[in-house]
Structure formats: C-alpha cells, structure tokens
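Peer 1: The structure is given below, and queries will be raised subsequently.
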Amino acid sequence: MAGDQDGKAKRASGAKRSAGASRANGRRGDAPASKATEAPKPKASAPAKKPAASKKPPARPRGPVKKRSVLGHIVYAGAVLGVWALIAGMIIFAYFAHDLPDLDNLPDPGANDPAVVVKAAGGETLVRSGPLHGDWLMFDEIPDAMVWAILSIEDRYFFDHGGIDGRGLARAAATNIRSGGVRAGGSTITQQLAKNMFLTNQRSFKRKAQEALLAFWLEQRFTKEQILTLYLNRSYFGGGAYGIDAAAHRFFDHGARNLTISEAAMLAGLVQAPSRLAPHINPEGAWDRGKVVLSTMAESGHLPAETARKLMSRPPKVVKDSVGPDVRYFTDWVEAEARRLLPNVGNISITIHTTIDLKLQRAASAAIEEGLAGEGSTVNAGQGALIALGLDGAVRAMVGGRDYRKSQYNRAVQAARQPGSAFKLFTYLAAFERGHSLNEIVSDRPITIGKWSPRNYTNRFDGDIRLRDALAKSTNTVAVRLSQEAGTPYVAALANRMGITTQIAPHPSLALGTEEVKLIDLANAYRTVASGGMAASPYGIVEITELGGRVLYRQPPMSMRQAISYEVAATMTEGLQGVIEYGSGRAAKLDRPAAGKTGTTQDSRDALFVGFTSDLATAVWVGNDSFAPMKDVTGGRLPARIWGTFMKKASEGTPVRPLLADAGLYIASAQSMAADDTNKPAEKEDGWQKTKKSLWERLFGSRD
Numbered sequence: 001m002a003g004d005q006d007g008k009a010k011r012a013s014g015a016k017r018s019a020g021a022s023r024a025n026g027r028r029g030d031a032p033a034s035k036a037t038e039a040p041k042p043k044a045s046a047p048a049k050k051p052a053a054s055k056k057p058p059a060r061p062r063g064p065v066k067k068r069s070v071l072g073h074i075v076y077a078g079a080v081l082g083v084w085a086l087i088a089g090m091i092i093f094a095y096f097a098h099d100l101p102d103l104d105n106l107p108d109p110g111a112n113d114p115a116v117v118v119k120a121a122g123g124e125t126l127v128r129s130g131p132l133h134g135d136w137l138m139f140d141e142i143p144d145a146m147v148w149a150i151l152s153i154e155d156r157y158f159f160d161h162g163g164i165d166g167r168g169l170a171r172a173a174a175t176n177i178r179s180g181g182v183r184a185g186g187s188t189i190t191q192q193l194a195k196n197m198f199l200t201n202q203r204s205f206k207r208k209a210q211e212a213l214l215a216f217w218l219e220q221r222f223t224k225e226q227i228l229t230l231y232l233n234r235s236y237f238g239g240g241a242y243g244i245d246a247a248a249h250r251f252f253d254h255g256a257r258n259l260t261i262s263e264a265a266m267l268a269g270l271v272q273a274p275s276r277l278a279p280h281i282n283p284e285g286a287w288d289r290g291k292v293v294l295s296t297m298a299e300s301g302h303l304p305a306e307t308a309r310k311l312m313s314r315p316p317k318v319v320k321d322s323v324g325p326d327v328r329y330f331t332d333w334v335e336a337e338a339r340r341l342l343p344n345v346g347n348i349s350i351t352i353h354t355t356i357d358l359k360l361q362r363a364a365s366a367a368i369e370e371g372l373a374g375e376g377s378t379v380n381a382g383q384g385a386l387i388a389l390g391l392d393g394a395v396r397a398m399v400g401g402r403d404y405r406k407s408q409y410n411r412a413v414q415a416a417r418q419p420g421s422a423f424k425l426f427t428y429l430a431a432f433e434r435g436h437s438l439n440e441i442v443s444d445r446p447i448t449i450g451k452w453s454p455r456n457y458t459n460r461f462d463g464d465i466r467l468r469d470a471l472a473k474s475t476n477t478v479a480v481r482l483s484q485e486a487g488t489p490y491v492a493a494l495a496n497r498m499g500i501t502t503q504i505a506p507h508p509s510l511a512l513g514t515e516e517v518k519l520i521d522l523a524n525a526y527r528t529v530a531s532g533g534m535a536a537s538p539y540g541i542v543e544i545t546e547l548g549g550r551v552l553y554r555q556p557p558m559s560m561r562q563a564i565s566y567e568v569a570a571t572m573t574e575g576l577q578g579v580i581e582y583g584s585g586r587a588a589k590l591d592r593p594a595a596g597k598t599g600t601t602q603d604s605r606d607a608l609f610v611g612f613t614s615d616l617a618t619a620v621w622v623g624n625d626s627f628a629p630m631k632d633v634t635g636g637r638l639p640a641r642i643w644g645t646f647m648k649k650a651s652e653g654t655p656v657r658p659l660l661a662d663a664g665l666y667i668a669s670a671q672s673m674a675a676d677d678t679n680k681p682a683e684k685e686d687g688w689q690k691t692k693k694s695l696w697e698r699l700f701g702s703r704d
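What follows is the structure in structure tokens.
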C-alpha cells in the first residue's frame with residue numbers, strides 16, 4: 001500500500017513537471033504543430049534526456065541590521081531639504097533676476113520725463129515741469145546737517161546693516177500693526193536707491209524681492225559713503241528737482257553746499273512724498289514734516305534737543321513763485337492744449353509760448369482774492385473765477401479758483417453753470433437781427449407760457465418800456481417775449497454761433513439763462529460783440545518749440561468769421577453800455593467806455609458779470625462748488641465790483657478809446673483771409689500743383 005502511494009506521488013510529480021515544461025514552451029512561442037507539419041520523431045537509438053532540475057542560489061548570509069538614530073534621521077532630512085531648498089532658491093533667484101535692468105547703463109534720473117517750460121507773452125517763465133538737475137556733490141561736499149537729517153528720518157542704522165535692516169523692518173511692522181494699515185516702510189536707503197535707480201514704484205512682492213537683490217549688489221559694489229552720495233544726488237525732492245543741489249536752488253535759491261539745518265531737515269522730509277509736500281506748493285506741509293525730521297535728529301543724538309526745539313519755530317524761507325500759484329490754472333490748461341495739438345510729440349522736451357499777460361494775471365488773482373476775502377466772506381461766496389480775453393481771442397488772464405494749492409479744478413474752463421440774465425445777450429441779438437431797435441416800446445406785463453409765469457427780480461411790472469431800458473434793468477418778461485418771438489431754437493443756435501460750445505436746449509426759460517454754459521465760452525461770446533461780430537476760438541498758445549528752438553507748432557494768423565453783422569454788434573454794444581451807465585451793472589463803471597451784463601441764478605447760487613472795453617472782454621463768476629446759495633448776491637454787486645477792480649488795473653497806462661475801435665481791423669483781416677483762401681490753388685505738393693499722372697508715367701515713369 002505504501003509502495004502504491006509512493007508511485008502515485010512520483011507520477012503526479014512527473015506530470016506536473018511535464019505540464020510546466022509544456023506551458024513554458026508555450027510561453028516561449030512554441031505552438032503545437034498540426035498533422036501536416038508534425039516534426040520527425042527522434043531516432044530510437046538516441047535515449048531521451050531528462051531536463052535538468054533548476055537550482056536556487058544559496059541564501060546570502062545577513063549580518064545584524066543597524067537602525068539609524070534620531071539624530072541621523074534629522075541630519076539626513078536636513079541634507080535633503082537643504083538640497084531642495086538650494087534648487088528652489090536658484091529657481092526663485094533666476095525668476096526674480098532674469099528681467100533686472102542693465103546695471104551698467106543707467107539712465108539719468110528723470111530721463112524719461114520730458115521737460116515742459118511755459119512762458120508768458122513777455123518771455124517770463126511761468127512754470128517748468130520735468131526734471132531739474134543741479135551740481136553733482138561728492139560726499140565731502142554734502143553738509144553734515146544734510147547727512148544726519150536724511151539718516152535720522154530714513155535709515156538711522158545705515159552704517160550698520162548690509163542693505164536690509166531687520167530692526168527697521170520690525171519697527172515698521174509694529175507701526176503698521178498699531179495704525180491698522182500701511183503707515184511706515186522698512187526700506188533702507190540702499191533699498192530706496194535700488195528702487196530709484198533700477199525699478200518702478202509698483203507695489204508687488206516681485207518688486208520688493210528685486211529691490212532686496214539689488215540692495216545686496218549695491219552694498220557689495222559700493223562703499224557706504226558712495227551709496228549715500230548716489231542717493232542724495234539722484235533722489236526726487238519735488239518741483240521737478242532731482243538731487244539735493246537742484247532742490248536747494250528750486251526751493252531756497254542757493255546751492256546745497258550752503259544748506260542750513262532747517263533747510264536740510266525740510267529737504268530730508270520731502271523724499272517721503274515729494275509731489276504732495278513740495279514747498280513751493282505746500283510750504284506748511286513741508287515744514288510740518290521738517291519738524292518731524294528735527295525731532296528724529298535729536299532722538300538719534302545728532303542734534304541737541306534744545307537746538308531742535310528752537311529751530312522748530314524758525315521755518316526756512318521758501319522761494320515763492322514770482323507769478324503766484326494761481327497761474328497754474330492757465331498753465332495746466334495750455335499744457336493739455338499742447339498735448340491735443342501735438343499728440344505724437346512723445347518724450348520731447350518743449351517750450352510753450354503763451355498769450356498770458358503777467359500784469360493782468362496778477363491783477364486778476366488779486367481782484368478775486370480781495371473780493372472773496374472781503375465782501376465774499378460776509379455773503380457765503382466761497383469760490384470765484386475770472387477770464388480775460390483779448391479781442392482776437394487770446395487769453396490774457398485766467399483764474400480758475402480761489403486757491404490752486406487747495407483745488408486744481410478750473411472753474412473758468414471746466415465748470416458749466418447757469419449764467420442767469422447774462423444769457424440775455426443772445427435773446428437781444430436775435431431781436432436785433434429781426435429788426436428790433438433800442439428805442440422801440442415793448443411790454444413789461446405778466447406773461448404765461450404753459451404753466452410757467454416768469455417774474456421780474458423787483459416783483460413788479462412797468463407796463464410799456466423802451467427796449468434799451470428793459471435791457472439795462474434786466475427785465476425778464478421782455479426777454480421772454482423776445483425769445484418767444486424769435487423762437488427759442490433760433491436763440492439756441494445763435495448762442496452756438498457766438499461761441500457757446502455746450503449743448504443748449506430750446507426751453508421757454510432759455511432767455512433767463514437756465515442752460516449751463518462755461519465761463520470761457522460766455523466771455524468769448526461777449527468778445528465777439530466787442531470785435532464787431534467776428535467769432536474766434538479762444539487760444540492760449542502762440543508757439544510750441546523744442547528746447548533747442550525748432551518750431552513744432554505756431555498759432556495761425558487771426559482766424560475769424562462773421563458771426564453777426566457789424567450793425568447788430570454796434571446796437572448790442574450800445575444797449576450793454578446802458579447796463580453799466582444806469583442799469584443793473586453800475587458797480588462796474590470805469591473811467592472809460594465799457595459795456596456788460598449782469599447774471600444771477602435762482603437763490604443766488606451763481607452770480608456773474610460779463611463785459612468789455614475796447615481792449616478786453618472779461619467774465620467773472622462767484623458762487624460755491626456745493627451749489628449752496630449765497631446771501632442776496634446778484635451779478636451787479638460782488639461780481640461787478642470784482643470785474644471793475646480788475647479792469648481798472650488792467651487799463652492802467654492804456655489810452656482811452658471808444659468801443660468797437662478795432663472792429664474794422666478785425667473785419668478787414670477776416671475778409672482778406674477769406675479772399676486768400678478763395679484764390680489759393682486747390683492742392684499743392686512740394687510747391688507744385690498736383691496733376692494726375694498718365695498711365696504711361698505710372699507704369700514707366702516720366703518721359704523727361
């Protein structure tokens with residue numbers, strides 16, 4: 001029995017080996033052959049070989065396994081992390097450094113900011129924007145007061161750190177946390193220099209990282225004294241001044257080598273916000289910051305506390321603009337006009353030669369301030385504007401507000417306000433064009449249009465009245481009747497013809513000035529009457545040149561057109577004279593012939609006086625930006641007095657002449673130019689009249 005079982009086991013084992021060999025052959029790609037292709041059987045004499053049994057290699061002897069200690073794990077992990085950190089650092093460095101600027105070819109500070117010089121009609125410089133550069137001062141030439149002032153306020157550990165100040169960063173972070181926002185920065189002077197020399201003011205993590213990289217590079221390449229010298233000679237201090245020497249000349253009228261402690265403190269305080277704190281615009285803010293610098297100088301031991309306290313009560317004398325800050329209303333306007341006239345000028349530095357008369361400009365600023373500070377303060381008149389035009393359209397004076405330093409909004413050219421009865425100019429012009437005369441009798445009686453019944457300012461009606469008296473007394477009912485007779489669309493179109501650029505809707509109340517207009521447009525419309533009916537666009541630019549003198553633009557000769565006939569202009573002028581002589585504008589009376597019109601809106605929210613002499617057309621507005629009503633202010637009171645004050649000063653030294661004295665000159669000039677345009681060849685090129693080339697010439701060129 002046992003033998004049988006052993007035999008069965010051997011046979012089973014042999015079968016398994018045979019099956020395994022067969023499967024192995026199948027895996028090697030041997031397929032069972034068909035009968036047609038059956039392989040020949042081996043010879044009987046050759047005994048079959050048994051496959052050799054596979055043998056496993058003997059097991060490798062193992063020694064005892066050593067476990068890595070905790071310290072070993074830490075060292076190993078640290079090494080791996082260090083390698084990856086190095087790789088990541090190299091990638092980050094490459095990312096931040098790949099677009100850094102060329103460090104060997106640095107532009108001058110402000111090189112990308114073109115300079116713009118604006119000059120008055122007499123050649124005086126009104127304003128200069130763009131970069132101003134002074135002498136390059138070596139470290140030994142910079143006053144100690146300037147060095148310690150800038151270090152005290154910007155980087156008191158400058159000589160101790162290597163480009164990044166950890167203590168400064170911590171102090172700035174604490175300040176920002178206490179204030180609940182970004183109030184302080186931790187940038188060192190080296191970092192600020194890196195930003196000023198190589199980067200932009202963009203606030204981003206990338207820019208700060210690049211700033212740090214460049215700060216380390218600067219610290220390796222330059223000494224501390226060289227870095228500070230670069231910083232003080234390249235930093236922007238406001239007013240277009242780059243470097244302390246340019247700033248000293250700009251604000252104190254002397255070089256930086258002679259800076260006092262107070263002046264150095266003021267300059268050191270400007271780098272935080274140079275445009276906002278520029279002393280010529282904001283002297284109070286600049287000195288407030290300067291006192292902070294004096295305090296930090298005392299805290300850091302560079303100035304005795306008692307000396308700092310005494311200096312805080314002695315602000316440095318800042319050079320004032322010779323023409324006053326209010327001229328900036330005009331210079332801002334002409335700079336915008338220059339960009340419109342030369343849109344492709346690019347980064348070219350230019351000089352703008354203008355029409356402004358400095359004598360008239362100073363008189364205009366003084367008249368506005370005197371009127372608002374005096375009478376205006378008692379009647380709640382907080383703002384005012386004035387614009388004066390030569391009779392050819394040249395702007396001779398412009399005041400866009402009471403104080404440019406507080407508000408740069410130009411109320412003379414940007415604001416659109418209701419003109420009140422000053423708009424009656426167009427109603428009466430329409431009446432005169434339709435044949436009405438000054439001496440005819442008109443009706444001052446109640447009138448109703450739909451549900452609207454206009455009233456007079458006096459709340460009474462005079463019945464039959466001469467038209468000239470209705471104009472002089474600004475009678476509303478007469479103006480409305482004349483407007484209805486001419487047609488309000490006609491009156492609106494006439495206003496546009498005379499120079500009003502805003503859209504005018506033909507409402508029944510149009511005659512009383514309920515549509516908003518710009519002060520410069522209103523002044524120009526009255527100027528059109530003063531020139532004998534010749535319309536022209538106001539202009540402030542005579543010529544634009546490169547700084548080297550090459551002309552880029554020149555104002556064309558007087559380009560005027562007949563808007564109304566001379567006869568209508570003369571009739572209108574005579575009627576407007578009565579306004580000043582015995583009507584609502586008596587407060588504007590001068591020592592010479594003058595004509596004008598008052599204007600007041602509902603609740604005295606706006607009050608105007610617009611008028612002209614033989615030389616100037618001037619418009620004055622007073623009111624409030626909030627549209628708050630004034631206290632019983634009419635155009636014949638405060639505005640008329642401001643107008644009279646200005647015109648008296650503007651007329652000093654000029655001969656007394658009748659109104660419309662130069663009208664014939666303007667009319668003849670316009671007619672001459674029109675004749676020249678008529679006789680001009682249709683089209684020219686390079687001085688020769690253009691003719692269409694023949695097919696032969698277009699294909700093979702000229703036969704000559």
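According to the working numbering, the sequence shown is numbered sequentially starting from 1.
Ideal Cβ placement from N, Cα and C applies to all residues, glycine included.
Please work out which residues of its chain come closer than 7 Å, Cβ to Cβ, to Ser770, disregarding the five sequence neighbours upstream and downstream, and give them in chain order.
Peer 2: A query on residue 770 cannot be resolved here, the shown segment of the chain reaching from 1 to 704 and no further.
Peer 1: DSSP three-state call for Val568: helix, strand or coil?
Peer 2: Val568 falls in the helix class under three-state DSSP.
Peer 1: Where does Lys317 sit, in a helix, a strand or coil, going by DSSP?
Peer 2: In the structure shown, Lys317 sits in coil (DSSP, three-state: anything other than H, G, I, E or B).
Peer 1: When the Cα atoms are used, what is the spatial distance from Gly285 to Gly269?
Peer 2: Whole-angstrom Cα-Cα distance: 10 Å.
Peer 1: Just how far apart, CA to CA, sit Gly635 and Pro316?
Peer 2: Looking at the two C-alpha atoms, the distance is approximately 43 Å.
Peer 1: Take Ile150 and list the residues in its own chain whose beta-carbon comes closer than 7 Å to its own, dropping the five residues that flank it on each side.
Peer 2: Counting only Cβ-Cβ distances below 7 Å, and skipping sequence neighbours, we find Leu232 and Ala268.
Peer 1: Tell whether a beta-carbon distance below 9 Å holds between Ala523 and Phe426.
Peer 2: For Ala523 and Phe426, no; Cβs fall outside 9 Å.
Peer 1: Leaving out the 5 sequence neighbours to the left and right, which residues in its chain are closer than 8 Å to Gln562 when beta-carbon positions are compared?
Peer 2: Counting only Cβ-Cβ distances below 8 Å, and skipping sequence neighbours, we find Gly533, Met534, Ala535, Ile667 and Ala670.
Peer 1: Who does Gln418 pair with in a DSSP beta bridge?
Peer 2: According to DSSP, Gln418 bridges with nothing at all.
Peer 1: Say whether the region 551 to 560 touches the region 415 to 422, bearing in mind that this needs 3 or more beta-carbon pairs closer than 8 Å, one atom from each stretch.
Peer 2: The answer is no - the region 415 to 422 does not touch the region 551 to 560, with fewer than three Cβ pairs under 8 Å.
Peer 1: How about the region 367 to 379 and the region 393 to 403: do they share at least three Cβ pairs that are nearer than 8 Å?
Peer 2: The region 367 to 379 vs the region 393 to 403: in contact.
Peer 1: Quick one: which unbroken alpha helix (DSSP H) runs of 4-plus residues sit fully inside the region 580 to 666? Chain order, please.
Peer 2: Runs of the alpha helix (DSSP H) inside the region 580 to 666: 638 to 651.
Peer 1: Alpha carbon to alpha carbon, how far is Ser235 from Thr502? Give it in angstroms, no decimals.
Peer 2: Cα to Cα, the separation comes out at about 45 Å.
Peer 1: For Trp452, write down the residues that DSSP places opposite it in a beta bridge.
Peer 2: BP columns for Trp452 point to Ile449.
Peer 1: For Ala363 and Leu228, I'd like the C-alpha separation in whole angstroms.
Peer 2: Using only the alpha carbons, I get a separation of about 46 Å.
Peer 1: Is the beta carbon of Phe461 sitting closer than 9 Å to the one on Asp444?
Peer 2: Cβ distance < 9 Å, so Phe461 and Asp444 count as in contact.
Peer 1: Restricting to runs no shorter than 3 residues, where is the beta strand (DSSP E) found entirely within the region 210 to 247?
Peer 2: Entirely contained in the region 210 to 247, not one beta strand (DSSP E) run reaches 3 residues.
Peer 1: Name the two residues that bound the continuous beta strand (DSSP E) containing Leu735.
Peer 2: Outside the shown range of the chain, which is 1 to 704, sits residue 735, and nothing can be said about it.
Peer 1: Grab the span of the alpha helix (DSSP H) containing Ala493 for me, first residue to last.
Peer 2: Note, Ala493: alpha helix (DSSP H), Thr488 to Met498.
Peer 1: Quick check: what's the CA-CA separation for Pro343 versus Ala115?
Peer 2: Distance between the alpha carbons of Pro343 and Ala115 is about 16 Å.
Peer 1: Go through its chain and collect everything with a Cβ distance to Thr654's Cβ below 7 Å, but skip five positions before and after it.
Peer 2: So the qualifying residues of the chain are Asp615.
Peer 1: Would a C-beta distance cut-off of 9 Å place Thr541 and Ile352 closer than the cut-off?
Peer 2: The residue asked about is misnamed: residue 541 is Ile in this sequence, not Thr. Yes. Within cutoff.
Peer 1: Use the C-beta contact count for Gly513: other C-beta atoms within 10 angstroms, 16 or more gives buried, fewer gives exposed.
Peer 2: The residue is buried, with at least 16 neighbouring Cβ atoms inside 10 Å.
Peer 1: Given a threshold of 16 other Cβ atoms within 10 Å of its Cβ, counted over all protein chains shown, does Phe237 qualify as buried or as exposed?
Peer 2: Classification of Phe237: buried, given that the 10 Å Cβ count is 16 or more.
Peer 1: Go to Gln272, then tell me how far its alpha helix (DSSP H) extends in each direction, as first and last residue.
Peer 2: Note, Gln272: premise wrong, no alpha helix (DSSP H); not H, not E.
Peer 1: What residue range does the alpha helix (DSSP H) around Ala431 cover?
Peer 2: Lys424 to Glu433 is the span of the alpha helix (DSSP H), which, as asked, contains Ala431.
Peer 1: For Lys310, does the three-state DSSP call read helix, strand or coil?
Peer 2: Of the three classes helix, strand and coil, the one that applies to Lys310 here is helix, per DSSP.
Peer 1: Please report the distance separating the alpha-carbon of Leu608 from that of Val622.
Peer 2: In a straight line, the C-alpha of Leu608 is about 7 Å away from that of Val622.
Peer 1: By DSSP, does Val293 sit in helix, in strand, or in coil?
Peer 2: It is helical.
Peer 1: Kindly indicate which residue of Leu391, Leu389, Ala145 and Gly382 has the alpha-carbon position closest to the one of Asp403.
Peer 2: Considering only alpha carbons, the answer is Gly382.
Peer 1: Below 6 Å CB to CB, which residues in the same chain sit around Val271 once its five sequence neighbours on both sides are set aside?
Peer 2: So the qualifying residues of the chain are Ser235.
Peer 1: Alpha carbon to alpha carbon, how far is Thr125 from Ile356?
Peer 2: Each residue's Cα considered, the two are about 11 Å apart.
Peer 1: Are the beta-carbon atoms belonging to Arg128 and Gly240 less than 9 Å from one another?
Peer 2: Cβ distance < 9 Å, so Arg128 and Gly240 count as in contact.
Peer 1: To the nearest angstrom, how far is the alpha carbon of Val413 from that of Lys451?
Peer 2: Approximately 35 Å between the Cα atoms of the pair.
Peer 1: Tell me the rounded alpha-carbon separation between Leu86 and His73.
Peer 2: Answer to the nearest angstrom: the Cα atoms are 20 Å apart.
Peer 1: Taking only the alpha-carbon atoms, compute the straight-line gap between Lys473 and Leu391 and give it to the nearest angstrom.
Peer 2: The alpha-carbon atoms of Lys473 and Leu391 are separated by roughly 26 Å.
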